[in-house]
Each structure stands twice: as structure tokens, then as C-alpha cells.
């Protein structure tokens with residue numbers, strides 16, 4: 240089950256964070272998302288040591304804890320999508336295939352440009 244979704248800007252500024260648990264867990268989930276940003280930076284700055292290639296948007300499992308698994312995506316504009324789940328049996332391949340479909344179909348609307 241997904242317990243938190245975060246969209247983080249290219250300067251690690253939070254653009255959107257939504258937790259789907261009790262209020263007591265929200266702060267803990269925000270902390271987990273923040274800690275996972277260090278792993279994202281490490282993988283982006285050292286791509287040969289961490290596995291994924293530069294063209295790969297799926298960063299894989301970023302930060303496993305006792306109760307959660309944290310996965311990440313990185314767009315070409317360096318915006319990060321962080322997903323925290325409680326399902327410890329989920330495979331990386333499942334997340335890699337399903338999350339982009341959810342992002343594409345989520346209904347984000349483009350903002351018209353001023354002229």
C-alpha cells in the first residue's frame with residue numbers, strides 16, 4: 240500500500256507531499272522522504288557506482304526501512320517523484336512498470352503560458 244507520495248524540485252524543494260496515513264505518521268514519512276533525497280543525489284552524481292544509467296528515470300529502491308520501502312523516479316528536468324510503500328514484498332520491476340502509468344494518468348493539467 241502506498242503511504243506517501245512526494246514531488247521534489249530540482250533544488251530539493253518540496254513541491255507536493257501527500258501522506259495517506261494518520262497524522263502521527265506524517266512527520267515520520269516526511270523525514271523518510273527527506274532522507275531518500277540524499278540517496279537520489281548520490282545516484283545522480285555517481286551513476287557508475289549506483290547502477291542505473293544516466294538515461295534511466297527509475298532510480299529503484301532508495302531507502303528501505305523496517306516498515307517501508309522508498310522508490311524514486313527522476314525526470315529530465317531533475318524533478319524527483321518519491322514513493323513510500325508499506326508493501327515489503329513488492330518487486331522493483333512492478334514499481335518500474337506501474338508508477339509511470341499512474342503519473343501519466345493522474346490528470347495534471349498544463350498551465351497556459353502568458354503572452
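In my numbering, the protein residues as written are 240 to 354.
Cβ coordinates follow ideal geometry from the N, Cα and C atoms, glycine included.
- Per DSSP, the continuous beta strand (DSSP E) segment holding residue 319 begins and ends at 319 to 324.
- For residue 256, the pairing in a beta bridge is given by DSSP as 245.
- DSSP lists 324 as the bridge partner or partners of residue 308.
- For the 9 Å CB-CB criterion, residue 301 and residue 282 form a contact.
- Shown here, residue 301 sits in coil according to DSSP, grouped into three states, outside any helix or strand.
- With respect to residue 254, residue 242 sits apart: the two C-beta atoms are not nearer than 9 Å.
- Note on geometry: alpha-carbon atoms of residue 248 and residue 268 lie some 18 Å from one another.
- Residue 321 and residue 261 have their C-alpha atoms some 19 Å from each other.
- Taking the C-beta atoms as reference points, residue 272 is found no nearer than 9 Å to residue 318.
- Bridge pairing for residue 268: absent [DSSP].
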